[in-house]
Structures are given as C-alpha cells and as structure tokens.
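**Q** Mind looking over this structure? Questions follow.
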Amino acid sequence: MKIATELVQRATGVTRHAEPLTTPIYETTTFVFDSAQEVRDYNEGRSQKFLYSRYGNPTIVAVEEKIAKLERADAAMLLSSGQAATTTALLGLLASGDEVVCSSAIYGGTLHLIADLLPKFGIRSRFVSIDDLRTPEAVITDATRLVWFESPINPTLRCIDIAAVANACRARGVISVVDNTFASPINQQPLSLGVDIVMHSATKYLNGHSDVTAGVLAGSRTLLEPVQKARRMVGTVLDPHAAYALGRGLKTLSVRMERHNTTAMTIARWLAADTRVQAVHYPGLPDHPDHAVAKKQMRGFGGVLCVDVGGGYEGAARFFDKLKLFNRAASLGGVESLCSLPVLTSQWGHTEEELQRAGVTHSMARLSVGMEDADDLIADLDQALS
Ligand SMILES: Cc1ncc(COP(=O)(O)O)c(C=O)c1O
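Per my numbering, the sequence shown runs over residues 3 to 388.
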C-alpha cells in the first residue's frame with residue numbers, strides 16, 4: 003500500500019489484548035460491519051452492535067446504564083443538555099393538539115420552551131400553581147397528555163408531592179415527568195414514587211464538576227422508545243467525550259451529595275438564625291412550607307438554598323457583589339460554591355406576573371453550596387451580609 007492508504011488504515015490487534023478499567027472514549031462517528039447481513043440485523047433489532055454515534059455509542063451507553071440503575075429505571079438516555087432532554091422528550095411524546103400541564107413555578111428555560119416554542123407546533127400548554135398541584139386530579143382535563151413539574155423547584159426550593167401527582171396522572175392515563183435536577187437520584191428517586199419519566203440537567207449534580215453540559219431522561223424502555231427515535235432525528239445525543247467526563251463525575255456522586263446535604267443544612271440553619279436575612283428557603287428547615295413533603299420523599303435536601311436578603315434588587319446586588327468565596331455564576335451542583343440572582347439568570351426575561359407565579363422576588367440570591375469548608379463559606383456570607 004502507498005503511504006496515503008497506510009495512514010488511514012484501521013489499527014486492529016491492540017484492543018484484543020487490552021482490558022481497560024475505565025470505559026474508554028469511543029471517539030468514532032461510525033462503526034464497521036463485516037457484511038450487509040450484519041447491517042440488516044442491526045436495523046431489524048437482532049444485533050447489539052453499534053452503527054453510528056448519533057444513534058448510540060459504547061461510552062454513552064455505559065453511562066446510560068449506570069444512570070438507569072441509579073434512578074431504578076429500565077432505561078436512561080443521555081442528551082446534549084438538560085434543555086435538549088426536555089425538548090426531545092416533549093417532541094417524542096406529544097403531537098399537535100395535545101396539552102401539557104406544567105407547574106408555573108419551574109426553571110425559566112422549561113417555562114419558555116413550553117410556553118413560547120411548543121405552541122408553534124400545535125402543542126398547547128396550561129400553567130398551574132403549586133397550590134393547584136396539591137389536588138392534582140383537578141388540573142388534568144381530557145386534553146391533557148402530559149404533566150411536567152420539578153421538585154425541589156428552582157430557585158425557591160418549594161417541593162411538590164411527587165406520588166400524589168404521579169397517581170393522579172396514572173389514573174387518567176396521563177404521562178408524568180419530573181425534573182429531578184435539584185435533588186439528584188441520591189436524595190430522591192421519583193420512579194419509585196410512581197412517576198413515569200425522570201429528567202435531569204446532568205450539567206449540575208450528576209457531573210458535579212462544572213465542566214460538562216448534559217441532560218438525562220430515565221424511565222421505562224417502552225415509554226422512552228418514541229423519545230429515542232426523536233433523539234436520532236433531532237440529533238440531541240451527548241458527545242462521547244462529554245459522556246466520559248459525566249461517567250467519571252458520577253463515580254463520586256454519593257459522597258458529593260452527602261457533603262452538599264450537610265454543608266447546606268449547616269448554612270441554612272446559620273442563615274435562619276441571622277436577623278439581617280429576611281427569609282431562608284431550604285426544604286430541610288422545619289419551617290419550610292413543604293418540609294413535611296420533602297421529608298417524606300427525600301433522603302437529603304441537597305446543596306441549594308435561596309436567601310432573601312431584603313432591600314429589593316439593590317439589596318441582593320449589594321450582597322452578591324460583596325461575596326469573595328462564593329463565585330458569582332449561574333448553574334449549581336458543582337464542587338465550587340456559586341451564587342446567582344434568579345431575576346438575572348434562571349428567571350431572566352420573566353414578566354412581574356411570571357416572577358410572582360414562580361415565587362421569585364428581586365431580593366433573592368440563590369446559593370449552590372460546594373465542597374469548601376462550611377466555616378469558610380459562613381464567614382463569606384457573614385461579611386457579605388454586613
Ligand atoms: C432545574 C433545571 N432544569 C433544567 C435546566 C436546564 O439544563 P441545561 O442548562 O443543562 O440545559 C436547568 C438549568 O439551570 C435547571 O436548573
């Protein structure tokens with residue numbers, strides 16, 4: 003063979019002798035077959051082989067299998083972001099004329115997607131309050147095909163009774179989907195509470211190192227089948243490199259969550275006892291409005307809390323600008339502690355009415371508590387409050 007041919011030959015032989023401890027990054031867009039029959043077998047579901055990385059890739063599947071176990075699901079899917087997971091699920095499960103019922107207290111990106119984009123495809127939406135969701139059977143109509151909610155809710159940490167919503171949906175043949183991002187599967191397993199599909203922004207706790215944007219859907223294989231097809235068509239699958247990093251992050255999820263839970267609880271108690279603070283929202287505090295629900299369905303309360311420092315937007319901005327250890331940054335769930343002002347980030351672009359329905363005030367600061375020492379974090383909050 004000439005040099006140009008030699009350069010692109012496949013390296014064979016080495017992999018037969020290697021048994022790696024970690025799942026390698028299958029950095030390939032496509033997979034090789036021996037015959038037309040093998041391709042046909044793959045297409046007709048008689049083969050475990052891979053064909054094309056947009057359809058599936060061993061690095062991605064290895065992480066999907068791990069997450070399915072974590073969420074007690076038959077199957078899980080990795081997508082290129084939390085928003086890609088939400089979009090692909092809704093496109094795969096719904097048709098023109100269907101109605102989605104969605105909690106109006108929800109991550110802003112989800113709200114805008116359901117309220118502004120889906121109607122272009124004939125998918126209608128109805129937003130309901132947390133109070134309405136206390137009697138979930140009353141929010142479902144004959145047109146409802148799917149109920150989408152999150153618990154704990156970004157950024158107020160309000161919680162919804164997952165089993166109650168799931169049971170009401172099941173009784174009416176409606177699909178229930180919960181965004182489990184704030185809890186993580188260590189603190190809350192919604193499928194065991196009867197919900198049909200769990201969604202995550204894996205950008206947050208699942209990866210945990212603020213360096214991967216990814217999304218997850220988990221549920222029954224049958225229910226996820228049309229969503230798998232949609233992922234192939236819209237091309238929202240995760241890249242194998244990102245899947246590898248996510249798989250590495252996942253290995254420490256349970257220890258990270260333990261630490262998030264204890265440090266956030268310590269900080270929430272300290273803030274709740276401080277008279278300079280107007281309100282502390284953390285489901286682990288006994289006076290949180292949904293503490294009983296949270297205690298019933300969660301094993302820990304997570305690393306995010308929201309503090310109302312008073313003084314309107316100016317008060318929150320002053321507090322935010324004075325922080326030294328907490329990074330002024332959007333996102334959450336990483337090893338680094340972050341602070342964001344919801345009116346500028348997760349709820350940016352909301353009208354006053356939408357903010358009110360989401361329970362968000364201009365003087366709120368959301369804290370994502372990382373892996374630093376609790377005393378150092380408290381000292382930072384103390385100096386910023388002063
Ligand atoms: C609760 C929740 N769901 C979904 C998303 C969207 O996830 P991503 O940013 O990975 O697309 C976010 C992002 O902040 C979130 O907080």
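The beta carbon of each residue, even a glycine, is placed where N, CA and C say it ideally should be.
From what residue to what residue does the beta strand (DSSP E) around Leu307 run?
**A** Mapped onto the sequence shown, residue 307 falls at position 305. First-last of the beta strand (DSSP E) with Leu307: Val306 to Asp310.
**Q** Spatial neighbours of Asn169 within its chain, please: CB distance less than 7 Å, with the 5 preceding and 5 following residues excluded, ordered by chain position.
**A** Stepping through the sequence shown from its first residue, residue 169 is reached at position 167. So the qualifying residues of the chain are Gly196.
**Q** Please state the DSSP three-state secondary structure of Met79.
**A** What you label residue 79 is simply residue 77 of the sequence shown in a count that begins at 1. Three-state DSSP puts Met79 in a strand.
**Q** Where does the unbroken beta strand (DSSP E) through Ile199 begin, and where does it stop?
**A** As a first step, residue 199 is located in the sequence shown; it is residue number 197 there, counting from the start. Ile199 to Ser203 is the span of the beta strand (DSSP E), which, as asked, contains Ile199.
**Q** Go through its chain and collect everything with a Cβ distance to Leu248's Cβ below 8 Å, but skip five positions before and after it.
**A** Taking the sequence shown and counting its residues from 1, one reaches residue 248 at position 246. Once the five neighbours on either side are set aside, the close Cβ partners of Leu248 are Val65, Leu80, Ala204, Leu208, Asn209, Val214, Ala216 and Leu240.
**Q** With DSSP run on the structure shown, which of helix, strand or coil describes Glu152?
**A** Translated into the one-based positions of the sequence shown, residue 152 becomes position 150. Strand at Glu152.
**Q** Leaving out five residues before and five after Ile162 in sequence, what residues of the same chain have Cβ atoms less than 6 Å from its Cβ?
**A** What you label residue 162 is simply residue 160 of the sequence shown in a count that begins at 1. Correct list, in chain order: Leu135, Phe151 and Ser153.
**Q** Measuring only from the beta carbon, is Ser203 closer than 7 Å to any heavy atom that is part of ligand 1?
**A** By 1-based counting over the sequence shown, the position of residue 203 is 201. Yes; taking the cut-off as 7 Å, the Cβ of Ser203 has a heavy atom of ligand 1 nearer than that.
**Q** Does any heavy atom of ligand 1 sit closer than 7 Å to the C-beta of Phe184?
**A** Against the sequence shown, residue 184 aligns to sequence position 182. Yes.
**Q** Any heavy atom of ligand 1 closer than 7 Å to the Cβ of Asp181?
**A** In the sequence shown, counting from the first residue as 1, residue 181 sits at position 179. Yes, the beta carbon of Asp181 sits closer than 7 Å to at least one heavy atom of ligand 1.
**Q** Can you have a look at Lys206 and say buried or exposed, based on whether 16 or more other CB atoms are within 10 angstroms of its CB?
**A** What you label residue 206 is simply residue 204 of the sequence shown in a count that begins at 1. Counting Cβ neighbours within 10 Å, Lys206 comes out buried, since at least 16 surround it.
**Q** Ligand 1 and Asn189: does the residue's C-beta get closer than 7 Å to at least one heavy atom of that ligand?
**A** On the sequence shown, residue 189 is found 187 positions in, with the first residue counted as 1. Result no, Cβ not under 7 Å from ligand 1.
**Q** List in chain order: all unbroken beta strand (DSSP E) runs of 3+ residues lying wholly within the stretch 88-149.
**A** With a minimum length of 3 residues, the continuous beta strand (DSSP E) runs that stay inside the stretch 88-149 are 101-105 and 126-130.
**Q** Name, in chain order, the residues that DSSP records as bridge partners for Thr24.
**A** As a first step, residue 24 must be located in the sequence shown, where it is residue number 22. Note: Thr24 sits in no beta bridge, so no partner.
**Q** Can you find the residues in the same chain that come closer than 7 Å, C-beta to C-beta, to Pro157, ignoring five residues on each side of it along the sequence?
**A** Numbered from its first residue, the sequence shown carries residue 157 at position 155. Excluding sequence neighbours, Pro157 sits near Cys308, Pro344, Ser348, Val362, Met366 and Arg368.
**Q** Could you tell me how far apart the beta carbons of Thr89 and Thr238 are, in whole angstroms, since I believe they sit closer than 8 Å?
**A** Position 87 of the sequence shown holds residue 89. Position 236 of the sequence shown holds residue 238. Right, their Cβ atoms sit about 7 Å apart.
**Q** Locate the beta strand (DSSP E) running through Ala367, then write down its first and last residues.
**A** Translated into the one-based positions of the sequence shown, residue 367 becomes position 365. Residues Met366 to Ser370.
**Q** Looking at the unbroken beta strand (DSSP E) that takes in Gly221, where does it start and where does it end?
**A** Within the sequence shown, numbered from 1, the residue matching residue 221 stands at position 219. Counting along the chain, the beta strand (DSSP E) containing Gly221 begins and ends at Gly217 to Gly221.
**Q** Bridge partners of Thr353, per DSSP?
**A** If you number the sequence shown from 1, residue 353 lands on position 351. In the DSSP output, where bridge partners are listed per residue, Thr353 has none listed.
**Q** Beta-carbon separation of His202 and Asn189 under 8 Å?
**A** As a first step, residue 202 must be located in the sequence shown, where it is residue number 200. As a first step, residue 189 must be located in the sequence shown, where it is residue number 187. Not in contact: His202 and Asn189 (Cβ atoms no closer than 8 Å).
**Q** My understanding is that Gly336 touches Gly372, with C-beta atoms under 8 Å, so please give their C-beta distance in whole angstroms.
**A** In the sequence shown, counting from the first residue as 1, residue 336 sits at position 334. In the sequence shown, counting from the first residue as 1, residue 372 sits at position 370. Contact flag correct, Cβ pair sits at about 6 Å.
**Q** Verify the contact flag: Tyr207, CB atom, against every heavy atom of ligand 1, threshold strictly below 7 Å.
**A** Taking the sequence shown and counting its residues from 1, the one referred to as residue 207 is at position 205. False, no ligand heavy atom lies under 7 Å from that Cβ.
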